[in-house]
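So the structure is just underneath, and the comments pick up after that.
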Amino acid sequence: MEEKEHEAKTKEEIEKEEKEAARMRKIAVLVVAGFIVLFFTALFGVKYFYSDKIEYPTVTYNGFEFTEIADTWYTQWQNEEKLVAISARYNPYEVENVTVLGELSEGFTQSNVYVTFDPYSEQEDFKYLAIAAADLSQSITKAFSKKVIPACTQEHNETCEDIPIVTCKDADKAVIHLIAEEPTQIVLKENCIELQGKDFELIRSVDKLLYIWYKIISPD
1 MEEKEHEAKT
11 KEEIEKEEKE
21 AARMRKIAVL
31 VVAGFIVLFF
41 TALFGVKYFY
51 SDKIEYPTVT
61 YNGFEFTEIA
71 DTWYTQWQNE
81 EKLVAISARY
91 NPYEVENVTV
101 LGELSEGFTQ
111 SNVYVTFDPY
121 SEQEDFKYLA
131 IAAADLSQSI
141 TKAFSKKVIP
151 ACTQEHNETC
161 EDIPIVTCKD
171 ADKAVIHLIA
181 EEPTQIVLKE
191 NCIELQGKDF
201 ELIRSVDKLL
211 YIWYKIISPD
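FYI, my numbering numbers position 180 of the sequence shown as 180, with every residue one higher than the one before it.
Right, dumping it as structure tokens:
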């Protein structure tokens, strides 16, 4: 008899503990939910009260308004089909003096564009070559719907493994050759574009070319 009472009492205790645990879980959920509500209220409240007060640098060039956010300039550009948000590290005024030489031929108007560089460039130049290649690839793909193919100007076991070897002499290809050396300039050679500049000057050449393609800057 005592065992049955003890067993019944144990069951009651278990049920009571389960109810208490359920109640605590419910309280915990409500507390977490409350914190979430407070968090998003604070977040959107700050955004509501302060977003309009943040003033970013702006410039207007040839009818395009550029806004600088985190060292990058943004504007809206209309291609034949849609409005595209474009970005650049320099605004048009900052690249106006980049020299443009030569002319392109019809050989450059292809759906694939090869962006090539010398794998034996100086080690300190690779950072700027990588930035230039990335900026070009993103813009060409996004704004002009062309396929960008990375390439090297000569063979290199480590850097250029499984990458095509392409130079300006490949007349059957559209080629952009990145050259991390002075002077800062853009040289158009029939089917090939040479973008030159030391360090961030190379990026200025990239941005000048893109602004010309966007028809924001007129060719020299």
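Heads up, the beta-carbon is just placed ideally off N, CA and C, and yes, glycines get one too.
Bear in mind the structure is a predicted one, so any value in this text is a computation, not a measurement.
**Message:** Could you compute how far the alpha carbon of C192 sits from the alpha carbon of Y120?
**Reply:** Sequence index remark: in the sequence shown, residue 192 carries index 192 (1-based). Sequence index remark: in the sequence shown, residue 120 carries index 120 (1-based). Approximately 20 Å between the Cα atoms of the pair.
**Asked** Under three-state DSSP, which class holds L103?
**Response** Mapped onto the sequence shown, residue 103 falls at position 103. Before going on, a small fix: residue 103 reads as Glu here, not Leu. Looking at E103 - three-state DSSP - the assignment turns out to be strand.
**Message:** Can you tell me whether Y90 is buried or exposed? The criterion is at least 16 other CB atoms within 10 Å of its CB, across all chains shown.
**Reply:** Translated into the one-based positions of the sequence shown, residue 90 becomes position 90. By the neighbour-count rule (16 or more Cβ atoms within 10 Å), Y90 is buried.
**Request:** Tell whether a beta-carbon distance below 8 Å holds between F66 and W73.
**Result:** On the sequence shown, residue 66 is found 66 positions in, with the first residue counted as 1. On the sequence shown, residue 73 is found 73 positions in, with the first residue counted as 1. Yes, the Cβ-Cβ distance between F66 and W73 is below 8 Å.
**Item:** Runs of beta strand (DSSP E) lying entirely within the stretch 63-126, each at least 3 residues, in chain order
**Value:** Whole beta strand (DSSP E) segments, 3+ residues: 64-69, 72-78, 83-88, 99-104 and 112-117.
**Prompt:** Helix, strand or coil for Y61 per DSSP?
**Reply:** Working through the sequence shown from its first residue, we reach residue 61 at position 61. Y61 falls in the strand class under three-state DSSP.
**Prompt:** Can you tell me whether A180 is buried or exposed, with buried defined as 16 or more other CB within 10 angstroms of its CB?
**Reply:** Taking the first residue of the sequence shown as position 1, residue 180 is located at position 180. The residue is buried, with at least 16 neighbouring Cβ atoms inside 10 Å.
**Asked** beta strand (DSSP E) containing I193: first to last residue?
**Response** Against the sequence shown, residue 193 aligns to sequence position 193. Run containing I193: C192 to Q196, per the beta strand (DSSP E) assignment.
**Prompt:** If we count Cβ pairs, one from each stretch, closer than 8 Å, do we get three or more for the stretch 94-102 versus the stretch 146-153?
**Reply:** Between the stretch 94-102 and the stretch 146-153 there are fewer than three C-beta pairs closer than 8 Å, too few to call the two in contact.
**Prompt:** Relative to the alpha-carbon of T109, which residue among Q154, T153 and E190 has its alpha-carbon at the smallest distance?
**Reply:** Residue mapping note: residue 109 aligns to position 109 of the sequence shown, counting from 1. Looking at Q154, T153 and E190, the one whose alpha-carbon comes closest to that of T109 is E190.
**Request:** Please list, in chain order, all residues of the same chain as N79 whose beta carbon is under 7 Å from its beta carbon, the five residues on each side excluded.
**Result:** Taking the first residue of the sequence shown as 1, we reach residue 79 at position 79. Closer than 7 Å at Cβ, skipping near neighbours: A143.
**Integer Cβ distance of V113 from I176, believed to fall under 8 Å** = One-based indexing of the sequence shown puts residue 113 at position 113. One-based indexing of the sequence shown puts residue 176 at position 176. 6 Å between Cβ atoms; contact.
**For G63 and I217, the rounded distance between their alpha carbons** = Counting from one through the sequence shown, the residue named residue 217 turns up at place 217. Counting from one through the sequence shown, the residue named residue 63 turns up at place 63. Their Cα atoms are separated by approximately 11 Å.
**Item:** Chain-order list of residues whose beta-carbon lies under 7 Å from that of F200 (same chain, five-residue window excluded)
**Value:** Reading the sequence shown from its first residue, position 200 is the one you call residue 200. Excluding the 5 residues flanking it on each side, F200 has same chain C-beta neighbours closer than 7 Å at Y128, in chain order.
**Item:** CA nearest to the CA of C152, picked from T10, L195, T116 and E81
**Value:** Taking the first residue of the sequence shown as 1, we reach residue 152 at position 152. For C152, the closest C-alpha among the options T10, L195, T116 and E81 is that of T116.
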